[in-house]
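First residue of the sequence shown? That's 1 in full-length UniProt numbering, and the numbers climb one at a time after it.
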Amino acid sequence: MVYYVTSVGLGESGLEPMKQEVVLAQWERTQLPKLDVVRHEVVLFRQQWDYSRLLQAEGPERDTMFANMASMLEVTQWASMSLMDEVMVIQTIISHFADSHYGQPEWMAILGLRKEDTEDEQLKWLLKTEIKRRLVHCCMREDINRLESALRMLEKTMIRALDEELEELESPNRETPWREELGLLIYTLYADALVFANRFDEHTKSILDGILETVEKSGSLKSPDTAMQVKVHLALVLEQMDVEPERQKAYTDLMAEHFRRVPSYFKIMRCIIKRPAGPEHPVARALGPEFFTRDRRTTRKEDRQMKVLYYCSKTCQIDHWPSHRAECKIYAKDREEHESLKQMYPKEARRRRDNDKWIQGAQYAIFRGPINALALHRDPSRGRTHVVFLELVYKPKLEDVWEDLDRILQQPAGRAKAKVEKSIASVPAEDDPSTSQPEVPMFMLIYGEEIDTFFRSVSVRRNHLSAFFHNPKWRDFMNPTDEPPPERLVLPSGARDAELDLNDD
């Protein structure tokens with residue numbers, strides 16, 4: 001749900017996108033963000049480009065530019081209002097383009113489908129649906145509010161296409177399409193549009209009830225968020241229809257209390273309960289006007305021992321403590337041992353610290369690399385039956401060679417460290433964004449010279465696999481310094497390397 005607008009999109013941050021001077025004639029109306037915005041997003045862009053790079057198909061350069069200008073990875077709530085007309089025009093062109101060239105591999109690749117997957121009918125259908133879904137999201141953004149356009153695209157295009165797909169597949173859920181995974185996605189979007197357009201009738205209510213029943217029976221990690229969103233809608237719909245008052249009050253009280261306890265959810269849900277051109281929402285009424293005038297910034301509650309877990313509220317921290325207690329005590333003990341080691345053997349302490357940081361990081365080699373190595377895209381069950389071995393080689397850091405530098409340069413002790421730290425301090429730091437949600441298990445044994453052997457368990461969210469394609473050249477990304485990988489590990493048991501099972505050659 002991306003209907004709200006960020007401070008950049010609202011122009012409150014002073015980074016309003018400006019007219020790009022050097023641009024081809026056919027793109028004269030295109031506006032691009034200022035360099036400050038680009039710098040802010042450059043780290044995320046590099047990750048997306050490295051991990052999800054798409055193969056460009058041969059074809060007219062103009063169409064390729066259209067596809068690149070309105071990337072599927074673009075976050076619409078960051079675009080300023082002055083840019084949204086252009087974004088929506090390009091998205092509309094891409095949508096028509098996908099319809100007119102559907103089934104032609106070279107054109108589908110331009111739209112974001114890798115050439116080797118262009119014969120997969122389901123993937124092509126999903127791509128078309130995603131393109132239209134993004135355009136609907138633009139129409140439903142709170143400061144645009146083109147709800148009739150959104151409903152028209154949903155009803156006449158997306159839902160009709162879904163019905164045809166379920167009919168062709170002879171799905172048992174043809175009368176209840178929200179029970180299908182993709183149907184749930186489309187109908188949740190449809191329910192939002194109906195409520196935002198003030199369609200408070202039995203049709204809207206039945207769809208919301210169907211979605212709620214489906215997500216409450218589902219084990220998906222997104223189910224609680226979707227259920228919360230639907231209950232917020234039902235609180236309003238039931239009140240406007242003047243039916244089921246007890247149920248309506250229960251949803252209103254439940255969601256109001258939830259927002260008070262977990263205010264971090266409110267930023268996202270605000271675009272639902274404070275929607276422009278709609279009636280007063282009962283949840284907003286229950287929260288009271290003072291709730292909306294308060295400073296909504298929250299302080300994250302840091303775990304005192306681990307220093308790496310953060311909570312949106314004290315209540316969440318207390319609720320999580322029983323399942324977190326044992327791990328926290330182990331982590332606290334490790335920290336004490338590290339401090340003791342640092343006093344006696346500082347170099348060894350640094351190596352262990354670097355080892356821990358690498359293992360806990362979100363770089364390609366620790367997450368998406370192993371996903372590709374296991375080929376979970378092709379067979380998710382391999383996550384339960386195989387293990388990935390990662391061999392690490394410790395690379396000395398500057399901290400390890402201060403004395404060597406001073407000796408070589410024949411300068412007083414500490415001079416090299418002071419110079420380097422001063423230079424580093426003058427360079428702006430770049431945050432390394434990360435994401436991880438559990439679904440498919442994945443195991444790794446990490447080892448190397450001067451590295452503690454470590455057995456790692458990671459969970460991969462199933463729909464995360466759809467966010468990028470299987471990369472058969474994943475090895476190229478594992479060693480960023482272009483150093484050759486180590487030789488294949490031969491286990492004492494003689495077990496065969498399972499990667500060979502799925503070699504593309």
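Ideal placement from N, C-alpha and C gives every residue a C-beta, glycine not left out.
Since the structure is predicted, the reported quantities are computational estimates derived from the model, not experimental observations.
* To do: Determine the closest residue to G383 out of R368, V393, E391, L392, with distance taken between C-alpha atoms.
  => R368
* For H258, I'd like the list of residues in its chain whose CB is within less than 6 Å of its CB, leaving aside the five on either flank, ordered along the chain. => none
* **R29, buried or exposed, once every other Cβ within 10 Å from all chains shown has been counted against 16** => Residue placement at R29 is poorly supported in this model, since its pLDDT is 41, which falls under 50; the coordinates still yield a value, given next. When all chains shown are included, R29 counts as exposed.
* Asked: Which of the three DSSP states, helix, strand or coil, is assigned to M442?
  -> strand
* Could you give the distance in angstroms between the alpha-carbon of E181 and the alpha-carbon of I90? -> 28 Å
* For I131 versus I94, is the C-beta distance shorter than 9 Å? -> yes
* Taking Cβ to Cβ, would you say M444 is nearer than 9 Å to V393? -> no
* Asked: So is K336 buried or exposed if we call it buried at 16+ other beta carbons inside 10 Å?
  -> Per the sequence shown, residue 336 should be read as Glu rather than Lys. That one is exposed.
* To do: Taking T252 and A277 to be in contact with their CB atoms under 8 Å, please state how far apart those CB atoms are, rounded to whole angstroms.
  => Not quite, the Cβ-Cβ distance comes to about 21 Å (not below 8 Å), so this is no contact.
* Within the same chain, show all residues whose beta-carbon is closer than 6 Å to that of L194, passing over the 5 residues directly before and after it, in chain order. => T204
* To do: Along the beta strand (DSSP E) that carries L390, what are the first and last residues, could you check?
  => 388 to 391
* With 16 other Cβ atoms within 10 Å as the buried cut-off, status of T293 -> exposed
* Could you tell me whether the Cβ atoms of A375 and H470 are closer together than 9 Å? => yes
* Give the straight-line distance between the Cα atoms of E167 and I211, rounded to the nearest whole angstrom. => 20 Å
* To do: Find out if the Cβ-Cβ distance for the pair Q229, E239 is shorter than 9 Å.
  => no
* **Rounded separation between T226 and V215 - CA only** => 7 Å
* **Candidates P370, L154, V232, of which the one nearest R285 by Cα** => V232
* **Delimiting residues of the alpha helix (DSSP H) encompassing R199** => Note, R199: premise wrong, no alpha helix (DSSP H); not H, not E.
* Would you check if the distance between the CB atom of Y345 and the CB atom of L390 is smaller than 9 Å? => no
* To do: For G383, name the three-state secondary structure that DSSP assigns.
  => helix
* To do: Kindly identify the DSSP beta-bridge partner or partners of V458.
  => M442
* Asked: Once you ignore the five residues that flank N145 on each side, which residues in its own chain have a CB closer than 7 Å to its CB?
  -> P276, A277
* Asked: Under a Cβ-count criterion, where at least 16 other Cβ atoms within 10 Å of its own Cβ denotes burial, should R297 be classed as buried or exposed?
  -> Model confidence at R297 stands at a pLDDT of 48, short of 50, so the residue's coordinates are unreliable and nothing is read from them.
* Three-state secondary structure (DSSP) at Y345? -> coil
* Between the CA atoms of E202 and A191 - distance to the nearest angstrom -> 12 Å
* Under the rule that 16 or more other beta-carbon atoms within 10 Å means buried, what is A373, buried or exposed? -> buried
* Asked: What number of angstroms, rounded off, separates the C-alpha of M84 from the C-alpha of L135?
  -> 11 Å
* **Beta-carbon proximity list for K274, same chain, < 8 Å, skipping 5 on both sides** => H281, A284, F292
* Asked: Between P177 and D163, which are expected to be in contact by the criterion C-beta below 8 Å, what is the C-beta distance as a whole number of angstroms?
  -> 7 Å
* Could you give the residue range of the alpha helix (DSSP H) that holds D143? -> Neither: D143 is in no alpha helix (DSSP H) and is coded neither H nor E.
* **Collapsed DSSP secondary structure at D356 in the structure displayed** => helix
* Asked: Alpha carbon to alpha carbon, how far is P322 from P224?
  -> 21 Å
* What's the call for D431, buried or exposed, on a 16-neighbour Cβ count within 10 Å? -> Residue placement at D431 is poorly supported in this model, since its pLDDT is 39, which falls under 50; the coordinates still yield a value, given next. Flag for D431 reads exposed.
* Starting from the N-terminal side, write out each stretch of the beta strand (DSSP E) that is 3 residues or longer and does not extend beyond the region 259 to 290. => none
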